[in-house]
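Peer 1:
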Amino acid sequence: MDRSVRGDGSAASGGWGTGGMLLQVGGRGRADSAWRAHPLCVVRLVGMWLEIVGWIGSLLVIVSLMQARVLRFRVLNLVGAVIATAYNAIVGIWPFAVMNGVIAVIDVYWLARLQRERHDDKAYEVVEVTPDDAYLRHVIAVHADDIAGFAPGFTDRFAAVPAGGDGGRAAFLVVRGDETVGVVVVRGTGDGTGLVELDYVTPRFRDFTPGEFVYRRSGVFAAHGFRRLVVKGAVPEQREYLTRVGFRQAAEGWERAVDAAA
21 MDRSVRGDGS AASGGWGTGG MLLQVGGRGR ADSAWRAHPL CVVRLVGMWL
71 EIVGWIGSLL VIVSLMQARV LRFRVLNLVG AVIATAYNAI VGIWPFAVMN
121 GVIAVIDVYW LARLQRERHD DKAYEVVEVT PDDAYLRHVI AVHADDIAGF
171 APGFTDRFAA VPAGGDGGRA AFLVVRGDET VGVVVVRGTG DGTGLVELDY
221 VTPRFRDFTP GEFVYRRSGV FAAHGFRRLV VKGAVPEQRE YLTRVGFRQA
271 AEGWERAVDA AA
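21 is the number of the first residue of the sequence shown in our numbering; add one for each residue after it.
1) From the DSSP output, in three-state form, read off Phe-178 for me.
2) How many Å lie between Gly-208 and Val-234 at the Cα?
3) How long is the line joining the alpha carbons of Ser-78 and Ala-243, rounded to whole angstroms?
4) If the criterion is Cβ atoms closer than 8 Å, does the pair Arg-133 and Asp-227 meet it?
5) Quick check on Ile-167: buried or exposed, where buried means 16 or more other Cβ atoms within 10 Å of its Cβ?
6) Can you list, in chain order, the residues of its chain whose CB lies under 6 Å from that of Ala-191, leaving out five sequence neighbours each side?
7) Per DSSP, what are the beta-bridge partners of Ala-277 in this structure?
8) Where does the unbroken alpha helix (DSSP H) through Phe-228 begin, and where does it stop?
9) Residue range of the alpha helix (DSSP H) that Arg-94 falls in?
10) Kindly indicate which three-state DSSP category Leu-79 falls into: helix, strand or coil?
11) Would you mind sorting Gly-202 into buried or exposed? The rule is 16 or more other CB atoms within 10 Å of its CB.
12) Helix, strand or coil for Val-240, going by three-state DSSP, please let me know.
13) For the candidate residues Ile-103, Asp-279, Val-265, Val-251, whose alpha-carbon lies nearest to that of Ala-271?
14) Mind checking which residues open and close the beta strand (DSSP E) that includes Gly-208?
15) At what residues does the alpha helix (DSSP H) containing Ala-132 begin and finish?
16) Would you check if the region 136-145 and the region 98-108 touch, i.e. whether three or more CB-CB distances between them fall below 8 Å?
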């Protein structure tokens, strides 16, 4: 069916012609390309975008497996699994849809558990050790390169502490189950002040703040004669964490009062 056009260029009647749909562009009607009018082109376009979404889901799952941090791994894996579930369900690949759906449920479970245990004293244990403890020195040696990025020069100073001596330091390991996830080392500088030389968290648990469990037990610092704790040279990323565990910004850096020993 032909579609007539008035002299002013506007369409006089509707309908489809064999040459495609007539559109008014800039006041003049013209036939649009046939591929735009053909339903098959729409299907192909939708299929192309759907495939892109599917690849994005797969890429997120792959990237998640490359993450050392537990929380980041679970979040990326969950997003990728949800996208992959939707994609496989739409295209009708049900075995993969079910598999990714189950993975998403597992991720939700672990994310909820990790968030619930984030500040739970029952999930983390603080173990006080002597500064010359063999296991403490092993942990510091294993993570020496990583520690150097947070506390330059610490490993060399700590290695200089003689066996059987403490160098005026107090040391704590933060343990989750049978895994050591953090180390806190405080050195006395006189006048009841303890300088936090190291507050380190292993890469797997860096999205969490296990060091807070040491500061909650503030009485252990009083037992070493500390009346206040000081953190110097805190980077911007540490400020929220320091505030959360009771530190306040002061002239010397960040300062926290120590509760008296019970």
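Cβ coordinates follow ideal geometry from the N, Cα and C atoms, glycine included.
Peer 2: Let me lay it out:
1) Reading the sequence shown from its first residue, position 158 is the one you call residue 178. In this structure, Phe-178 counts as helix in the three-state DSSP scheme.
2) Locating residue 208 in the sequence shown gives position 188, counting from the first residue. Locating residue 234 in the sequence shown gives position 214, counting from the first residue. So the alpha carbons of these two residues sit roughly 16 Å apart.
3) As a position in the sequence shown, residue 78 is number 58, starting the count at 1. As a position in the sequence shown, residue 243 is number 223, starting the count at 1. Looking at the two C-alpha atoms, the distance is approximately 53 Å.
4) The sequence position of residue 133 within the sequence shown is 113, counting from 1. The sequence position of residue 227 within the sequence shown is 207, counting from 1. Not a contact, by the Cβ cut-off of 8 Å.
5) Numbered from its first residue, the sequence shown carries residue 167 at position 147. With 16 or more other Cβ atoms within 10 Å, it is buried.
6) Residue mapping note: residue 191 aligns to position 171 of the sequence shown, counting from 1. Taken in chain order, the residues that qualify are Val-149, Pro-151, Leu-156, Val-205.
7) For the purposes of this step, residue 277 is taken as residue 257 along the sequence shown, with counting starting at 1. For Ala-277, which the question treats as bridged, DSSP gives the partners Arg-248.
8) Taking the sequence shown and counting its residues from 1, the one referred to as residue 228 is at position 208. Run containing Phe-228: none; DSSP gives neither H nor E here.
9) Taking the sequence shown and counting its residues from 1, one reaches residue 94 at position 74. Per DSSP, Arg-94 belongs to the alpha helix (DSSP H) from 90-111.
10) Here residue 79 refers to the residue found at position 59 of the sequence shown. It is helical.
11) Taking the first residue of the sequence shown as 1, we reach residue 202 at position 182. Buried, because 16 or more other Cβ atoms sit within 10 Å of the Cβ of Gly-202.
12) Numbered from 1 along the sequence shown, position 220 holds the residue referred to as residue 240. Correct three-state label for Val-240: helix.
13) Your numbering for residue 271 matches position 251 in the sequence shown. Minimum Cα distance to Ala-271 is reached at Val-251.
14) For the purposes of this step, residue 208 is taken as residue 188 along the sequence shown, with counting starting at 1. Gly-208 -> beta strand (DSSP E) spans 199-210.
15) Here residue 132 refers to the residue found at position 112 of the sequence shown. Residues 114-137.
16) no
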